[in-house]
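The opening position of the sequence shown corresponds to residue 423 in our numbering, with each subsequent residue numbered one higher.
One structure is given below, encoded as structure tokens.
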Amino acid sequence: MVNISKVDSRGSYRIVLSPNCSISWRELVLFYLFTCLVAIAVGLFFTLQGMWMVLPFSGLEMLALGTGLYLTSRKVYRKEVITLDPDRTRIEKGVQRVAQSWEFKTPWVRIIDEPRDGRNSRRRLAIGVHGAAVEVGSFLANSEKDALAFQLKDCIIRV
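Right under this line is the structure:
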């Protein structure tokens, strides 16, 4: 998902990139809790029938499911923020806080748009200056990268 906003009257822009997320954190936790309740109910039923090994394996399944859901959701909540102003361009990446940050002088910035080789390959979109480049929107679909490349070029021209 690409969200562009004008920051101030000087012509600064902020572009926020994030992966598409089909479920909120609250809904994900509710799904996990409901699944755990069902698994425990089934495990207890079979334990009362004399098959006591079902309950521990049901717990292990729920632990594996919870770990998988957590790791997947961490990747979904990452963000990339590109701030363009007349003096500098800043790129920040992270989950809940900035983990990596790069800064370039805006007059020297260029958009590196490497088209895809084949029909199903991912294209690479980067912002760089003098041989140093930072890939942006690696999680975006190719159609979203097309729109982002156009919008980035437009914003750089306006700044």
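Even glycine gets a Cβ: it sits at the ideal position worked out from N, Cα and C.
- Residue pairing by DSSP leaves Lys-497 without any beta bridge partner.
- Here Thr-511 is buried. Its C-beta has 16 or more other C-beta atoms within 10 Å.
- Taking a contact as a CB-CB distance under 8 Å, the pair Cys-443 and Val-498 counts as one, their CB atoms being some 5 Å apart.
- Look at the beta carbons and you see the segment 451-469 not touching the segment 512-523: under three pairs across the two are nearer than 8 Å.
- Excluding residues up to 5 positions away in sequence, Ile-513, Trp-524, Ala-548, Ile-549 and Gly-550 lie with their Cβ nearer than 8 Å to the Cβ of Val-556 in the same chain.
- Per DSSP, reduced to three states, the secondary structure at Gln-573 is helical.
- The segment 479-533 contains, as complete beta strand (DSSP E) runs of 3+ residues, the segments 500-506, 510-517 and 522-527 (chain order).
- By the C-beta density criterion, Tyr-492 is exposed, having fewer than 16 other C-beta atoms within 10 angstroms.
- It is roughly 10 Å from the alpha-carbon of Ser-560 to the alpha-carbon of Ser-440.
- Your pair Leu-506 and Ser-434 checks out as a contact, with CB atoms roughly 6 Å apart and the cut at 8 Å.
- Residue state for Leu-452 is assigned as helix, using DSSP reduced to three classes.
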